[in-house]
């Protein structure tokens, strides 16, 4: 079976454009952002300072996931101890008050940290599209050099502004060296 | 990467110096304190110890930060380094400032007296090899000679590098800092035992030294933020101490707020939960007679409120918020020292005008010395090998 015929059945993932150097990549990222594309990403072998601003990336949502998990751990841990030790089955421990808040701090702290850490790890997995293990871009042979010496921008087909002809023309104008379609 | 040029003037201008204000504050404070010595010697000594602890804690924490900076070869804070360097350069002044405590130690520390009802029979014999007047004086001589040497030489060599541009001095500074940190850890811990913990000599906490350090180090970052914002406000070093440096200070402040809370709570919690009478008396004295209000002020003021406010990434580079949080933390640091030092004198909370007088006297002397030395040198170590890296930090 030839490669072309398998691609017929597959979904188009996006338009991958290669750029010659970081400066051109940065310029293209700015143009892509300006053109109104939202579902796109830039790939380079090393971090390029100013790229976040050029793409006008928003803050990651991970912080909020961690915070909410941490708060659940905090209230859960505190409520568990108050319920068990002070309400459901009050035990007199050396004459201390039944509602002994300082004594509840270590467990509350541990549960806050534990759930926040779970939130951070599993939230990161979730935001990285786990359980899927690979990015469709790796179907492109050329893209392997993104970790070596090439610079890419991929505009994804899910983007509302995406159309095969227009996006290809746009990327060409933005200075792409090669353009290819990547299938999922 | 292109070299980033220093675009700011490194001279601290006279117009930015609050010297006149500090001198008048200091003079008022010193005169009022002197009146206090005559009027109420005991109150004066306790107030003096409280103000002394507050200001020397800033100088000592500064010295630690400078040494950590050298041995880790940090580049992020090179542009900030002259501020803590200057704070710790004149620790020798505290030798003179310590004299009133030395002369008044029979009033301050009840272990110096023969007739004192010890908590249990035999405790005196047990503690007297350490807690006696001679050894107390010897120990303090050791502390102050180590600190004066470290603080002054770290400053002196850094100034020498400014003048000669000899990068070999960087190695010298590292060689001073590495053993310096070792000696600093011991002297700081034992000094805090001697000055503050021995006020209630039948009480002991092995982690009191760490507690003192955690308090001071947290407050230092608040002070550094306030100093950096002061310089910015005067239009100084705008492109040298950048937003990114202040954001890092905010990060440190946040981190060490948590560290402080962890240490302070660990000390409190073990004693609270064990509830052994010889240990718990220290805290019961500080949780009655309205002293507990102070404890809640610093619980919220230097942990809970700063923790919540500094949690978002954005707030660490928000100058107004950093200013407010830092002020709150410095104030809480003051409250906490008051809470540690005063209860042996007053069984219930009462504020005396001498507390303010000694504080003003110290503030005038400490900050006056700072601006005096800060003005004489360039505001950053201008020939430091890592300066370029620090300037291009983002």
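Residue numbers (my numbering), protein chains in the order written: chain D, 1 to 184; chain B, 1001 to 1394. All residues carry an ideal CB built from backbone N, CA and C; glycine is no exception.
Buried or exposed: which applies to residue 1 of chain D, given that a residue is buried once 16 or more other Cβ atoms fall within 10 Å of its Cβ?
Within the first chain, numbered from 1, the residue matching residue 1 of chain D stands at position 1. The pLDDT assigned to residue 1 of chain D is 40, lower than 50, so where the model puts this residue is not dependable; a value taken from the coordinates is nonetheless given after this. Answer is exposed; the Cβ neighbour count stays below 16.
Distance, Cα to Cα, residue 1214 of chain B vs residue 1256 of chain B?
If you number the second chain from 1, residue 1214 of chain B lands on position 214. If you number the second chain from 1, residue 1256 of chain B lands on position 256. Using only the alpha carbons, I get a separation of about 7 Å.
Proximal residues to residue 107 of chain D (C-beta, below 7 Å), its chain only, five neighbours per side dropped
Translated into the one-based positions of the first chain, residue 107 of chain D becomes position 107. Around residue 107 of chain D: 77, 81.
Close beta carbons around residue 1259 of chain B, own chain, < 8 Å, minus the five adjacent residues each side
In the second chain, the residue the question calls residue 1259 of chain B occupies position 259. For residue 1259 of chain B, where only same-chain residues beyond five positions count, the Cβ hits under 8 Å are 1214, 1217, 1218.
Classify residue 1077 of chain B: buried if its beta carbon has 16 or more other beta carbons within 10 angstroms, exposed otherwise.
The residue given as residue 1077 of chain B occupies position 77 in the second chain. Counting Cβ neighbours within 10 Å, residue 1077 of chain B comes out buried, since at least 16 surround it.
Just checking: is the beta-carbon of residue 1394 of chain B within a distance shorter than 8 Å of some beta-carbon in chain D?
Counted from its first residue, the second chain places residue 1394 of chain B at position 394. It does; some Cβ of chain D falls within 8 Å.
For residue 1082 of chain B, collect the residues of the same chain with a Cβ closer than 8 Å to its Cβ; drop the 5 residues on either side in sequence, then sort them by chain order.
Sequence index remark: in the second chain, residue 1082 of chain B carries index 82 (1-based). Here the set comprises 1158, 1374, 1377, 1378, 1379, 1380, 1381.
Is it buried or exposed, residue 1001 of chain B, if we count other Cβ atoms within 10 angstroms and call 16 or more buried?
Within the second chain, residue 1001 of chain B is the residue found at index 1, counting from 1. In this predicted model, residue 1001 of chain B has a pLDDT of only 45, less than 50, meaning its place in the structure is not dependable enough to derive any value.
Between residue 1265 of chain B and chain D, is there a C-beta pair that is closer than 8 Å?
The residue you call residue 1265 of chain B lines up with position 265 of the second chain. True, the Cβ-Cβ gap to chain D drops below 8 Å.
Give me the Cα-Cα distance between residue 156 of chain D and residue 105 of chain D, rounded to the nearest whole angstrom.
Position 156 of the first chain, counted from the start, is the residue given in the question as residue 156 of chain D. Position 105 of the first chain, counted from the start, is the residue given in the question as residue 105 of chain D. The straight-line gap from Cα to Cα measures roughly 48 Å.
Residues of the region 1220–1239 of chain B whose Cβ lies closer than 9 Å to any Cβ of chain D, in chain order:
none
Chain B partners of residue 103 of chain D, CB-CB under 9 Å?
The sequence position of residue 103 of chain D within the first chain is 103, counting from 1. Within chain B, the residues near residue 103 of chain D are 1269, 1272, 1273.
What are the partner residues of residue 42 of chain D, as DSSP defines its beta bridges?
The count along the first chain starts at 1 and reaches residue 42 of chain D at position 42. D/153.
Do residue 1282 of chain B and residue 103 of chain D count as a contact pair if the criterion is CB distance below 8 Å?
Position 103 of the first chain, counting from 1, holds the residue named residue 103 of chain D. Position 282 of the second chain, counting from 1, holds the residue named residue 1282 of chain B. For residue 103 of chain D and residue 1282 of chain B, no; Cβs fall outside 8 Å.
Terminal residues of the continuous alpha helix (DSSP H) containing residue 1293 of chain B?
Taking the first residue of the second chain as position 1, residue 1293 of chain B is located at position 293. From DSSP, the alpha helix (DSSP H) with residue 1293 of chain B extends over 1291–1299.
In the region 1032–1083 of chain B, which residue ranges form an unbroken beta strand (DSSP E) of at least 3 residues, counting only runs that do not cross its ends?
none
Once you ignore the five residues that flank residue 1239 of chain B on each side, which residues in its own chain have a CB closer than 7 Å to its CB?
Position 239 of the second chain, counted from the start, is the residue given in the question as residue 1239 of chain B. Within the same chain, residue 1239 of chain B has close Cβ partners 1007, 1008.
Have a look at residue 68 of chain D and residue 1135 of chain B and give me their C-alpha separation to the nearest angstrom.
One-based indexing of the first chain puts residue 68 of chain D at position 68. One-based indexing of the second chain puts residue 1135 of chain B at position 135. Roughly 55 Å separates the two Cα atoms.
Report buried or exposed for residue 1175 of chain B, applying the criterion of at least 16 other Cβ atoms within 10 angstroms of its Cβ.
Here residue 1175 of chain B is taken as the residue at index 175 of the second chain, counted from 1. When all chains shown are included, residue 1175 of chain B counts as exposed.
Buried/exposed call for residue 957 of chain B, threshold 16 Cβ in 10 Å
Since the displayed chain B opens at 1001 and closes at 1394, residue 957 of chain B lies outside it and no answer follows.
Name the chain B residues whose beta carbon is nearer than 8 Å to that of residue 94 of chain D?
Here residue 94 of chain D corresponds to residue number 94 of the first chain, with the count starting at 1. Near residue 94 of chain D (Cβ distances below 8 Å), the residues of chain B are 1275.
Taking only runs of the alpha helix (DSSP H) that begin and end inside the region 1303–1365 of chain B, which ones reach a length of at least 4 residues, in chain order?
1305–1310, 1319–1341
Beta-carbon within less than 7 Å of residue 132 of chain D's beta-carbon, same chain only, minus the 5 sequence neighbours each way: which residues are those?
In the first chain, residue 132 of chain D corresponds to position 132, counting from 1. Within the same chain, residue 132 of chain D has no close Cβ partners at all.
Give the secondary structure of residue 12 of chain D by DSSP, where H, G and I count as helix, E and B as strand, and everything else as coil.
Numbered from 1 along the first chain, position 12 holds the residue referred to as residue 12 of chain D. Correct three-state label for residue 12 of chain D: strand.
Strictly under 8 Å for the Cβ-Cβ distance: is residue 1374 of chain B near chain D by that measure?
Here residue 1374 of chain B refers to the residue found at position 374 of the second chain. Chain D, which has no Cβ nearer than 8 Å to the Cβ of residue 1374 of chain B, makes this no.
So is residue 49 of chain D in contact with chain B if we call contact Cβ pairs under 8 Å?
By 1-based counting over the first chain, the position of residue 49 of chain D is 49. With 8 Å as the cut-off, residue 49 of chain D counts as an interface residue toward chain B.
Apart from the five residues on each side of it in sequence, which residues of its chain come closer than 8 Å, Cβ to Cβ, to residue 1022 of chain B?
To locate residue 1022 of chain B, count along the second chain from 1; it is residue 22. Contacts found: 1363, 1364, 1367, 1368, 1371.
Nearest CA to the CA of residue 1263 of chain B: which residue from B/1243, B/1207, B/1254?
Taking the first residue of the second chain as 1, we reach residue 1263 of chain B at position 263. Measuring from the Cα of residue 1263 of chain B, the nearest candidate turns out to be B/1207.
Return the chain-ordered list of same chain residues with a C-beta closer than 7 Å to the C-beta of residue 1069 of chain B, the five sequence neighbours on each side being excluded.
The sequence position of residue 1069 of chain B within the second chain is 69, counting from 1. Contacts found: 1077, 1081.
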